[in-house]
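Undergrad:
Residue numbers (the numbering used here): 3 to 515.
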């Protein structure tokens, strides 16, 4: 399976090199046309009259809103907390979105109002603090992730998962959300907002002392996003510091999703150089492995698979990451995962979600934790897929925890400084057990699925009446569970039937003639 997919990937890569995949003028014009059509459709359908209120600094004419910058935008009337925004339905995706510019204007006003209230002195309510800190983080995301970045796998994945979570919230009817999409990336503005929660927590420590773990989690997420931006060729040392801060606080708060995003950012390659973060990756993964089964599974995947890939080539370009992954995918399931991820997001190769996902699933079948984790993320909002991949991830983590227990003990004794010889001895033992454990887990999962399917089938019950071809009606007289006695309504004749008799009779009324 992986071999066939790799051949398809090679063909796609050749096409990608021939064809310029960047957004063309025609694409941008088409995008603008669709946006204008959506605006026209919204106006024709009538505005959802939520509120006539507008943020300070905005003025409204009949059809537009004029922002503080003097520009005019389509009038909007849905809420960002008490701030008005426009809400409409994208019928193709069945999800709610916001007018991007007014969304940001309203969110910025909301943040400015928060800072003004902090300066006034009185303590704010904990819920209000958490909501406003989250607004700052969302605002940073709206500037950092308004569109997918195909030259950065970490950011492409984060953007996609963010959209899926928004879609899920909308479909579940859990109110509006505040993320804005579809306009240019502004990393400078994003960084300003990502830095703000921690700055405020230091400057207004008394007022923010009640923010609780949820507020601290928002600051931690901001640290990680700053690290992701800094690590993309800007400031590796500052990125290391922020990755470390985010990791330590995420461990304290049990934020394993954030730890996974942190690990992938420092391992996977361009536009980051994994060689610069090699020591950090080893130390953090070794620490995580000591106290978490998922951490142990990721540590083993890193040491046995990801760490074997050429870090120089991983740092070179998206195209080089794809080439390297193609070369190694048959032997290294982490390379197969990287290749599937690249195809899915169009990173260094023409985008092909179908074959990219197939490669991810092939890597997942081979026990790749990163592939399994990504598939759970890509299934957000699709309950059956979420359940399937979450169960598969849990099985793989359990296998890794069972077979990797000796390594956990070594790490607790020696930390990340486990010698190559001791690791080689462990690997030999690990390899001998891994396949056996995986086969056992698959067998158990199949048996459980069969049991659940059997339990889901309706229990057999003898019908109260049956009829034969001659029109005779037979009434259920006694039901003994295994067999039942039926009595002819006209002649009082009786017949003893079992389940098979009933099933045959349902197929053909001639059975008893």
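Beta carbons: idealized from backbone N, C-alpha and C, even for Gly.
1) Distance check for residue 133 and residue 1, CA to CA, integer angstroms please.
2) DSSP state of residue 152, grouped into three classes?
3) Please work out which residues of its chain come closer than 6 Å, Cβ to Cβ, to residue 1, disregarding the five sequence neighbours upstream and downstream, and give them in chain order.
4) DSSP on residue 177, reduced to helix/strand/coil?
5) Measuring only the C-alpha atoms, how far is residue 464 from residue 257?
6) Leaving aside the five residues before and after residue 117 along the sequence, list all residues of the same chain whose C-beta is less than 8 Å from its C-beta, in chain order.
7) For residue 480, which residues does DSSP report across the bridge?
8) Give me, in chain order, the residues of the same chain whose beta-carbon lies closer than 7 Å to that of residue 272; leave out the 5 immediate sequence neighbours on both sides.
9) To the nearest whole angstrom, what separates the beta carbons of residue 165 and residue 298, a pair I think is in contact under 8 Å?
10) Using C-beta distances below 6 Å, list every residue in its chain close to residue 136, excluding the 5 sequence neighbours before and after it, in chain order.
11) CA-CA distance, residue 304 and residue 335?
12) For the alpha helix (DSSP H) containing residue 352, list its first residue and its last residue.
13) Secondary structure at residue 500, three-state DSSP: helix, strand or coil?
14) Could you tell me which residues DSSP puts in a beta bridge with residue 467?
15) Under a three-way DSSP split, which group does residue 495 fall into?
16) With a threshold of 8 Å, are at least 3 pairs of Cβ atoms found where one atom belongs to the region 362-377 and the other to the region 239-247?
17) At which residues does the alpha helix (DSSP H) containing residue 130 begin and terminate?
18) Ordered along the chain, which non-local residues of its own chain (more than five positions away) have a Cβ less than 7 Å from that of residue 310?
19) How would you call residue 215, buried or exposed, if buried means at least 16 neighbouring beta carbons within 10 angstroms?
20) Specify the secondary structure class of residue 58 as computed by DSSP and reduced to three states.
21) Going by DSSP, what residue range makes up the alpha helix (DSSP H) through residue 389?
22) I'd like the span of the alpha helix (DSSP H) that includes residue 241, first residue to last.
23) List in chain order: all unbroken alpha helix (DSSP H) runs of 4+ residues lying wholly within the region 313-345.
24) Using only alpha-carbon positions, find the residue among 385, 188, 192 and 218 that is nearest to residue 200.
25) Where in the region 189-237 do unbroken runs of the alpha helix (DSSP H), each at least 4 residues long, occur, reported from the N-terminal end onward?
26) Using the beta-carbon count (16 or more within 10 Å), is residue 260 buried or exposed?
27) Buried or exposed: residue 415, going by 16 or more other Cβ atoms within 10 Å of its Cβ?
28) Could you give the residue range of the alpha helix (DSSP H) that holds residue 305?
29) Determine the direct distance from the alpha carbon of residue 121 to that of residue 308, and round the result to whole angstroms.
30) For residue 489, collect the residues of the same chain with a Cβ closer than 6 Å to its Cβ; drop the 5 residues on either side in sequence, then sort them by chain order.
31) Where do the ends of the alpha helix (DSSP H) carrying residue 374 lie?
32) Quick one: measure Cβ to Cβ for residue 158 and residue 167, integer angstroms, because I've assumed they're closer than 8 Å.
33) Tell me which same chain residues have a C-beta within less than 6 Å of the C-beta of residue 141, skipping the five on either side of it?
34) On the criterion of 16 or more Cβ atoms from any shown chain inside 10 Å, does residue 235 qualify as buried, or is it exposed?
35) Exposed or buried, which one is residue 281 when buried takes at least 16 other CB atoms within 10 Å?
TA: From the atom records:
1) Outside the shown range of the chain, which is 3 to 515, sits residue 1, and nothing can be said about it.
2) coil
3) No information on residue 1 is available, as it lies outside the stretch 3 to 515 that the chain covers here.
4) Unreliable placement is indicated for residue 177, whose pLDDT of 42 sits below 50; no coordinate value is reported for it.
5) 53 Å
6) Within the same chain, residue 117 has close Cβ partners 202.
7) Per DSSP, 487.
8) 316, 317, 318, 319, 320 and 323
9) Contact flag wrong, Cβ pair sits at about 31 Å.
10) 220
11) 11 Å
12) Looking at the DSSP string, residue 352 is not in any alpha helix (DSSP H), and its letter there is neither H nor E.
13) strand
14) 477
15) coil
16) no
17) It spans 128-146 - the alpha helix (DSSP H) in which residue 130 sits, taken as one unbroken run.
18) 334
19) exposed
20) Bear in mind that a pLDDT of 42 at residue 58, under 50, signals an unreliable position, so the number given afterwards is only what the model happens to contain. Assignment of residue 58 by DSSP, reduced to helix, strand and coil, places it in the coil class.
21) 385-405
22) 238-255
23) 313-316 and 320-330
24) With distances taken between Cα atoms, residue 200 lies closest to 218.
25) Runs of the alpha helix (DSSP H) inside the region 189-237: 189-205 and 214-233.
26) Buried, because 16 or more other Cβ atoms sit within 10 Å of the Cβ of residue 260.
27) Result: exposed.
28) Taken as a continuous stretch (DSSP letters only), the alpha helix (DSSP H) holding residue 305 covers 295-306.
29) 49 Å
30) 477, 479 and 496
31) 371-380
32) That belief does not hold up - the Cβ atoms of residue 158 and residue 167 are roughly 15 Å apart, past 8 Å.
33) 109 and 195
34) In the assembly as shown, residue 235 is an exposed residue. Its beta-carbon has fewer than 16 other beta-carbons within 10 Å.
35) For residue 281, the number of other beta carbons within 10 angstroms of its own is below 16, and it is reported as exposed.
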